[in-house]
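For the record, the sequence lines run as chains R and F.
Counting in our numbering, the first sequence runs from 21 upward without gaps.
Counting in our numbering, the second sequence runs from 1474 upward without gaps.
No residue lacks a Cβ here, since even glycine has one placed at the ideal position from N, Cα and C.
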Amino acid sequence: KAGVTQTPRYLIKTRGQQVTLSCSPISGHRSVSWYQQTPGQGLQFLFEYFSETQRNKGNFPGRFSGRQFSNSRSEMNVSTLELGDSALYLCASSGAGTLGDTIYFGEGSWLTVV
Amino acid sequence: AQSVSQHNHHVILSEAASLELGCNYSYGGTVNLFWYVQYPGQHLQLLLKYFSGDPLVKGIKGFEAEFIKSKFSFNLRKPSVQWSDTAEYFCAELGDHYGGSQGNLIFGKGTKLSVKP
């Protein structure tokens, strides 16, 4: 079956703009998490959605937001982009959101802010 | 705050050498631990995970890890590496289960493994 799909794969934005990234989880998966990966900070948890509700969030400013739709697809939005937001943004999905579920990652969206 | 430490930034081995990558976690309660691998140009893939039971966990591709509670460690091992094992390896711990969440992974900074043919 298809894996976690993220779009777009690459994008360049200007400081101050906003960006929306999309994630389609594995079919049947209801939990979607987002991570930011940078050389300096590594992989950091942004937030998790389950059944259209944000269930947990990491320590990121309010400029980072997300949502999940009824078909489990998820989007994340970053407003007022800063140079430091340049990163690989990873989406991950798991099945019923139960402890022990395997968490599957997508290939990520590379965001460059200039 | 929970944290995961990986001791080595970059490890270089020859084929057939044995591998051990160190990982230490900080949380003293019930732990859920993972090792992920990221091959060049590919997405993160789960190698193995530990939730409970036998502290020696076997994963895919001949990898195994040992959970040692007294040392807060979860080291990854492979008896004989191959060139195809060249990748970046990440140790992770499941963070708080706020709201029933199990998608909050706390990652180490990763260890790059280069295997010379």
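Could you name the residues of the same chain whose beta carbon sits closer than 6 Å to that of Tyr-1523 (chain F), not counting the 5 residues immediately before and after it, in chain order?
Leu-1506, Val-1530, Phe-1540
Below 8 Å, how does it come out for the stretch 56–67 of chain R and the stretch 79–87 of chain R: are there three or more Cβ pairs, yes or no?
yes
When the distance is taken between beta carbons, is Gln-57 (chain R) closer than 8 Å to Leu-101 (chain R)?
no
Check whether the Cβ atoms of Glu-95 (chain R) and Arg-87 (chain R) lie closer than 8 Å to each other.
yes
From this set, R:Pro-28, R:Leu-131, R:Ser-113, which residue's C-alpha is nearest Glu-68 (chain R)'s C-alpha?
R:Ser-113
Give every residue of the same chain whose Cβ lies closer than 7 Å to the Cβ of Lys-1582 (chain F), excluding the five residues on either side of it in the sequence, and list them in chain order.
Gln-1479
In the structure shown, what three-state DSSP assignment does Ser-1557 (chain F) receive?
helix
Looking at chain F, which residues of the stretch 48–69 of chain R have a Cβ within less than 8 Å of any of its Cβ atoms?
Ser-51, Val-52, Ser-53, Tyr-55, Gly-62, Leu-63, Gln-64, Phe-65, Glu-68
Residue burial classification, His-1483 (chain F) (beta-carbon count within 10 angstroms, cutoff 16)
exposed
Run the CB neighbour count on Glu-72 (chain R), radius 10 Å, all protein chains shown included, and call it buried at 16 or more, exposed below.
exposed
When the cut-off is 8 Å and only beta carbons count, does Ser-144 (chain R) lie next to chain F?
Not covered by the structure: residue 144 (chain R). The range shown for chain R is 21 to 134.
Might you give, ordered along the chain, the residues of its own chain that have their beta carbon closer than 6 Å to the beta carbon of Ser-1553 (chain F), omitting 5 neighbours on each side?
Ala-1489
Are Thr-1559 (chain F) and Ser-1587 (chain F) closer than 8 Å when you measure CB to CB?
yes
List the whole-angstrom C-beta distance separating Val-1477 (chain F) from Ile-1579 (chain F), where the pair is believed to meet the contact cut-off of C-beta under 8 Å.
5 Å
Can you list the alpha helix (DSSP H) stretches of 4 or more residues lying completely in the stretch 100–133 of chain R, in chain order?
none
Which class does Lys-1534 (chain F) belong to by DSSP, given the choice of helix, strand or coil?
helix
Kindly list, in the order they appear in chain F, the residues whose Cβ is closer than 7 Å to that of Gly-120 (chain R).
Phe-1524
Using a beta-carbon distance below 8 Å, is Asn-1577 (chain F) in contact with chain R?
yes
Other residues of its chain near Glu-1561 (chain F): CB distance less than 6 Å, five sequence neighbours each side excluded:
Gln-1511, Gly-1583, Lys-1585
Taking only beta-carbon positions, decide if Gly-1495 (chain F) is within less than 8 Å of chain R.
no
Would you please verify whether the beta carbon of Phe-84 (chain R) is less than 8 Å from any beta carbon of chain A?
Annotation note: the requested chain A is absent from the structure, which comprises protein chains R and F.
Chain-ordered chain F contacts of Glu-127 (chain R) [CB-CB under 7 Å]
His-1516
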